[in-house]
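Working notes, beginning with the structure itself.
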Amino acid sequence: MAAQPFGRTKDGSPVSRYRLARSRLRVDILNYGGVVSRVETPDREGNWANVVLGAGDVAGYEASDAHFGAIIGRYANRIAGGRFSLDGRDHQLPLNAGGNTMHGGENGFDRRIWRVIRADNTSLVLGYRSVDGEEGFPGNLNVEVAYTLRDDETLRIDYTARTDRPTIVNLTNHSYFNLSGEGSGDVMQHRVAIAADHYLPTDAGQIPTGEIRPVAGTAFDFRKPEALGTRIRDADPQLALAHGYDHTFILRDPGILRDPGRLRHAASALDPSSGRRLDVATTQPGLQLYTANMLDGTVIGSGGRLYRSGDAVCFEAQGFPDAPNRADFPSTELRPGELFAATTTYRFSLD
Numbered sequence: 008m009a010a011q012p013f014g015r016t017k018d019g020s021p022v023s024r025y026r027l028a029r030s031r032l033r034v035d036i037l038n039y040g041g042v043v044s045r046v047e048t049p050d051r052e053g054n055w056a057n058v059v060l061g062a063g064d065v066a067g068y069e070a071s072d073a074h075f076g077a078i079i080g081r082y083a084n085r086i087a088g089g090r091f092s093l094d095g096r097d098h099q100l101p102l103n104a105g106g107n108t109m110h111g112g113e114n115g116f117d118r119r120i121w122r123v124i125r126a127d128n129t130s131l132v133l134g135y136r137s138v139d140g141e142e143g144f145p146g147n148l149n150v151e152v153a154y155t156l157r158d159d160e161t162l163r164i165d166y167t168a169r170t171d172r173p174t175i176v177n178l179t180n181h182s183y184f185n186l187s188g189e190g191s192g193d194v195m196q197h198r199v200a201i202a203a204d205h206y207l208p209t210d211a212g213q214i215p216t217g218e219i220r221p222v223a224g225t226a227f228d229f230r231k232p233e234a235l236g237t238r239i240r241d242a243d244p245q246l247a248l249a250h251g252y253d254h255t256f257i258l259r260d261p262g263i264l265r266d267p268g269r270l271r272h273a274a275s276a277l278d279p280s281s282g283r284r285l286d287v288a289t290t291q292p293g294l295q296l297y298t299a300n301m302l303d304g305t306v307i308g309s310g311g312r313l314y315r316s317g318d319a320v321c322f323e324a325q326g327f328p329d330a331p332n333r334a335d336f337p338s339t340e341l342r343p344g345e346l347f348a349a350t351t352t353y354r355f356s357l358d
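Under the numbering used here, the first residue of the sequence shown carries the number 8, and numbering increases by one thereafter.
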């Protein structure tokens, strides 16, 4: 595979784009942040479109806090007060979300240049070494992320990591999906289903309160397919705090904790207008549903149009937010000699 130049970062580092193609799926990935910058697939009429949001150039990715399509780490989502204790030692992280730490700090994995380990027409493997103390996290962490296209129009992402000191790890991909096509408007008609009976309510800083709340009878009930816009304006305090959906759903099947390598269905989305369907499967215990609430019309997207709140939906498969501070949440600790391994797949089809 020949790398295509994609510009340079503000410090002069070259950024390259890699295109994977197989069957009816084409995916572009950057070595900057491991960003999935384009996902192209046809609609029911055979018309191809890019179905993920992104920036048009490197400067656009650097200027945005949206984390478009990127690898998120060392810890995805939020950590209360940016503090956690591990083996009796306290660690303080940079505060970049009010009084909390979000998505790995000011310069998380999404703002790093990743090295290319392997690349061919249908797969790309990226690596990054996060040094001890980077963004306040302990231990040297060696991370690999493999992107693979399968015959059934599936993008598979495999994450692995090893450390030389006890640390915490929570990795995800932050792609923004609009199955009608990037820049086409809001996704409130997308019919979404999530394999979850419970979700995690949050406080005003979007830190989990510790309650595990049933979705039944609430605006968070996606056990059957429901248009995203049906209940997003309900007078639910949780929707008001987040300006929409930005919550972790606890995926069904607690057996995942006993068999962490087993993929199971997590969510689906269907765009009635184009017929495009997305199915998400993962080995992770949680799924963050995010309706792009913070896009405010100031970001110019890759297609030259402005992005606004609700113009995409994210399905971020991950561990639970603030898990290092909650013993009752699935552990996100990683120790020397252990392997962090997680897989998430995104399958595109037509309905």
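The beta carbon of each residue, even a glycine, is placed where N, CA and C say it ideally should be.
Between the segment 97-114 and the segment 35-55, are three or more C-beta pairs nearer than 8 Å?
no
I'd like to know whether the C-beta atoms of Arg354 and Glu160 end up nearer to each other than 8 Å.
yes
Pairs of beta-carbons, one from the segment 335-346 and one from the segment 169-180, closer than 8 Å: are there three or more?
yes
Going by beta carbon distance, what residues of the same chain come within less than 7 Å of Gly106, once the five residues before and after it are set aside?
Gly88 and Gly212
Determine, using beta carbons only, whether Tyr154 and Leu148 come nearer to each other than 8 Å.
no
Excluding sequence positions up to five away, which residues of its chain have a Cβ less than 6 Å from the Cβ of Ala56?
Gly188
Three-way DSSP call (helix, strand, coil) for Tyr39 in this model:
strand
Length of the line joining the Cα atoms of Leu302 and Ala273
25 Å
Sequence-distant residues of its chain with Cβ nearer than 6 Å to Arg125 (five each side left out)
Val132
Assign Gly19 to buried or exposed, taking buried as 16 or more other Cβ atoms, counted over all protein chains shown, within 10 Å of its Cβ.
exposed
DSSP puts Glu323 in a beta bridge; with which residues?
Gln295
Apart from the five residues on each side of it in sequence, which residues of its chain come closer than 8 Å, Cβ to Cβ, to Glu69?
Thr16, Lys17 and Arg118
Would you report the Cα separation of Gly268 and Gly134, rounded to the nearest angstrom?
21 Å
In terms of residues, what are the limits of the beta strand (DSSP E) holding Val65?
Premise fails: Val65 lies in the alpha helix (DSSP H), Val65 to Ala70, not in any beta strand (DSSP E).
Would Glu357 pass as a contact of Arg51 if the rule is Cβ separation under 8 Å?
Residue 357 is actually Leu in this sequence, not Glu. For Leu357 and Arg51, yes; Cβs fall inside 8 Å.
Bounding residues of the alpha helix (DSSP H) (the contiguous stretch that carries Gln213):
Careful: Gln213 lies outside any alpha helix (DSSP H) and carries neither H nor E.
Determine which residues share a DSSP beta bridge with His98 and list them.
Phe91
Buried or exposed, going by whether 16 or more other CB atoms sit within 10 Å of the CB of Pro215?
buried
Proximity winner among Arg220, Ala276, Asp72 and Asp260, relative to Thr290 (alpha-carbon distances):
Asp260
Are there three or more Cβ pairs, one per stretch, closer than 8 Å when the segment 193-208 is compared with the segment 69-82?
no
When the cut-off is 8 Å and only beta carbons count, does Asp171 lie next to chain C?
You won't find chain C in this structure, because it holds only one protein chain.
Ala10 to Gly41 span [Cα, whole Å]
14 Å
Name the residue from Ala28, Ala168 and Arg24 whose alpha carbon lies nearest to the alpha carbon of Leu346.
Ala168
Can you name, in chain order, every residue of its own chain whose Cβ lies under 7 Å from the Cβ of Val65, other than the five neighbours on each side?
Phe13, Gly14, Arg15, Thr16, Val22 and Tyr39
Pairing CB atoms from the segment 279-287 with CB atoms from the segment 240-260, are three or more of them under 8 Å?
no
Would you kindly work out how many angstroms separate the C-alpha atoms of Phe91 and Gln295, rounded to a whole number?
21 Å
Which one or two residues does DSSP pair with Ser130 in a beta bridge?
Thr155
Gly311, DSSP secondary structure in three states:
coil
Under the DSSP definition of a beta bridge, which residues are partnered with Trp55?
Pro49
So what does DSSP say about Ala247, is it helix, strand or coil?
helix
Within the continuous beta strand (DSSP E) that includes Ala348, where are the two ends?
Phe347 to Leu357
Secondary structure of Asp117, DSSP reduced to three states:
helix
Return the Cβ separation of Asp241 and Arg29 in integer angstroms, given the expectation that the two are a contact with Cβ distance under 8 Å.
Contact flag wrong, Cβ pair sits at about 41 Å.
Limits of the unbroken beta strand (DSSP E) element including Arg163
Thr161 to Thr170
N-terminal and C-terminal residue of the beta strand (DSSP E) that Leu186 is part of:
Looking at the DSSP string, Leu186 is not in any beta strand (DSSP E), and its letter there is neither H nor E.
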